[in-house]
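Asks: Numbering (the numbering used here), first residue to last: 249 to 507. Ideal Cβ positions, reconstructed from N, Cα and C, are used throughout, including at glycine. Below you will find the structure I want to go over with you.
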C-alpha cells in the first residue's frame, strides 16, 4: 500500500445544489437527496445530501456538534502508518442543515456501530474489521472507530493511488463524547463480541481486546443513534439491553446502495 497519509477532504467544493425531488434513500430519521457540487474541484459532480427529518432535529444538533471530531479521530489512527489503511480518505461531513458528501457508487457497509460486521466482502471487509480492532488497541482500550462504509477504489494505472474511501464513520468511546452515534462502552463490547481476529490483526504485535463481551443491541447494518440524555445506559455497569425503537435506540435504515 501507499505511504500517503489519510485525509479528510471534499477538495475545494463547499456548495451543493440540492435536488429535493430526487430521493436516493430514506431511513428512520434521515432522508438522502441527490445533489450536484457547485464550484471548486468537484464542480458538477454528483453529491448526496442527508437531511434529518423534522421530528429528529434534536439529534441533528448533537450530530453536527461532533461530526468533525469523529472524522478527525478516525484520521488520527489511519495516519499511524498501519499498512493496510495508510491510503484512506474520509470525506468531510459539511454542516448546515444537511450532510453533504460525494456520491459513492458501489457503496459497501463493512461494519456498524451496534456490533454488526459483514462477512461478505473478502479482504476489504477483513481489513476494515481489523482497523476497528486496531483503533481500540491504539487508544489503550478507550474507543473504537466503527460504522465503516464506503469502497476500496483500485487504480489500475498506479496501485500506490489505490485507496479506501470512507464516509460518515462513527466512534464508540468509554465517555460517550462523539455524538448520538457513539454507543459508548456497550458499542465497544458489542463489536468485540462479534469480531474474530483475522490476517490483518496483530500486524505489529499482539493487540489488546476485551476478555468478556456481550451483544447489547440488535445487530443491524443500519447505524444506531441514541440521545445524549440516555448516555448513562451505555455504561457496562448498567445492565440495560436494547431493542429497535426502545430505550432511546433509533435504527437508521437505507433503501439505497449508492451512498
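What did DSSP end up calling residue 441 once you bin it into helix, strand or coil?
Replies: Three-state DSSP puts residue 441 in a helix.
Asks: Mind reading off the beta-carbon distance from residue 280 to residue 273? Whole number of angstroms is fine, and I expect it under 8 Å.
Replies: Yes, they are in contact, since the Cβ atoms of residue 280 and residue 273 sit about 4 Å apart, within 8 Å.
Asks: For residue 368, does the count of other Cβ atoms within 10 angstroms reach 16, so buried, or fall short, so exposed?
Replies: When all chains shown are included, residue 368 counts as exposed.
Asks: Would residue 477 be called buried (16 or more neighbouring beta carbons within 10 Å of its own) or exposed?
Replies: Label assigned to residue 477: exposed.
Asks: So, at 6 Å on beta carbons, what are the nonlocal neighbours of residue 440 in its own chain, with the 5 sequence-adjacent residues on each side left out?
Replies: 457, 458 and 461.
Asks: Going by DSSP, what residue range makes up the beta strand (DSSP E) through residue 282?
Replies: From DSSP, the beta strand (DSSP E) with residue 282 extends over 278–285.
Asks: Quick check: what's the CA-CA separation for residue 362 versus residue 353?
Replies: Between residue 362 and residue 353, the C-alpha separation is close to 24 Å.
Asks: Helix or strand or just coil, what does DSSP make of residue 383?
Replies: The answer is helix: DSSP assigns residue 383 an H, G or I state.
Asks: What residue range is occupied by the uninterrupted alpha helix (DSSP H) comprising residue 318?
Replies: Note, residue 318: alpha helix (DSSP H), 305–326.
Asks: Using a Cβ-Cβ cut-off of 6 Å (strictly less than) and excluding sequence neighbours within five positions of residue 296, which residues of its own chain qualify?
Replies: Same-chain partners within the cutoff: 280, 349, 351 and 507.
Asks: Which residue comes first and which comes last in the beta strand (DSSP E) that contains residue 415?
Replies: Note, residue 415: beta strand (DSSP E), 411–415.
Asks: For residue 321 and residue 419, what's the separation of their Cα atoms in angstroms?
Replies: Looking at the two C-alpha atoms, the distance is approximately 8 Å.
Asks: By DSSP, does residue 292 sit in helix, in strand, or in coil?
Replies: Three-state result, residue 292: coil.
Asks: Do we get a CB-CB distance below 8 Å when we pair residue 289 with the residues of chain D?
Replies: No chain D appears in this structure, which consists of one protein chain only.
Asks: So, are the CB atoms of residue 304 and residue 382 less than 8 Å apart?
Replies: No.
Asks: Please state the DSSP three-state secondary structure of residue 487.
Replies: Looking at residue 487 - three-state DSSP - the assignment turns out to be coil, as it is neither helix nor strand.
Asks: Tell me the residue span of the beta strand (DSSP E) that contains residue 346.
Replies: Per DSSP, residue 346 belongs to the beta strand (DSSP E) from 346–350.
Asks: With residue 265 as the anchor, note down where its beta strand (DSSP E) starts and where it stops.
Replies: Run containing residue 265: 264–274, per the beta strand (DSSP E) assignment.
Asks: Since I believe residue 483 is in contact with residue 432 (beta carbons under 8 Å), could you give me their beta-carbon distance rounded to a whole number of angstroms?
Replies: That belief holds up - the Cβ atoms of residue 432 and residue 483 are roughly 7 Å apart, short of 8 Å.
Asks: For a test of the three-state rule: what should DSSP assign to residue 482, helix, strand or coil?
Replies: If DSSP states are grouped into helix, strand and coil, residue 482 belongs with the helices.
Asks: Does the beta-carbon of residue 394 have 16 or more other beta-carbons within 10 angstroms, so that it is buried, or is it exposed?
Replies: With 16 or more Cβ atoms within 10 Å of its Cβ, residue 394 is classed as buried.
Asks: Please report the straight-line C-alpha distance between residue 408 and residue 355, rounded to a whole angstrom.
Replies: The straight-line gap from Cα to Cα measures roughly 21 Å.
Asks: Which residue marks the beginning of the beta strand (DSSP E) containing residue 398, and which one marks its end?
Replies: Counting along the chain, the beta strand (DSSP E) containing residue 398 begins and ends at 397–401.
Asks: What first and last residue would you give for the beta strand (DSSP E) that runs through residue 365?
Replies: Where residue 365 is concerned, there is no enclosing beta strand (DSSP E), given that its DSSP letter is neither H nor E.
Asks: Note down, in chain order, each residue of its chain lying with its Cβ closer than 8 Å to the Cβ of residue 263, except the 5 sequence neighbours on either side.
Replies: The answer, listed in chain order, is 285, 286, 287 and 288.
Asks: Sort out for me which residues DSSP pairs residue 408 with in a bridge.
Replies: Residue 408 is not bridged to any residue.
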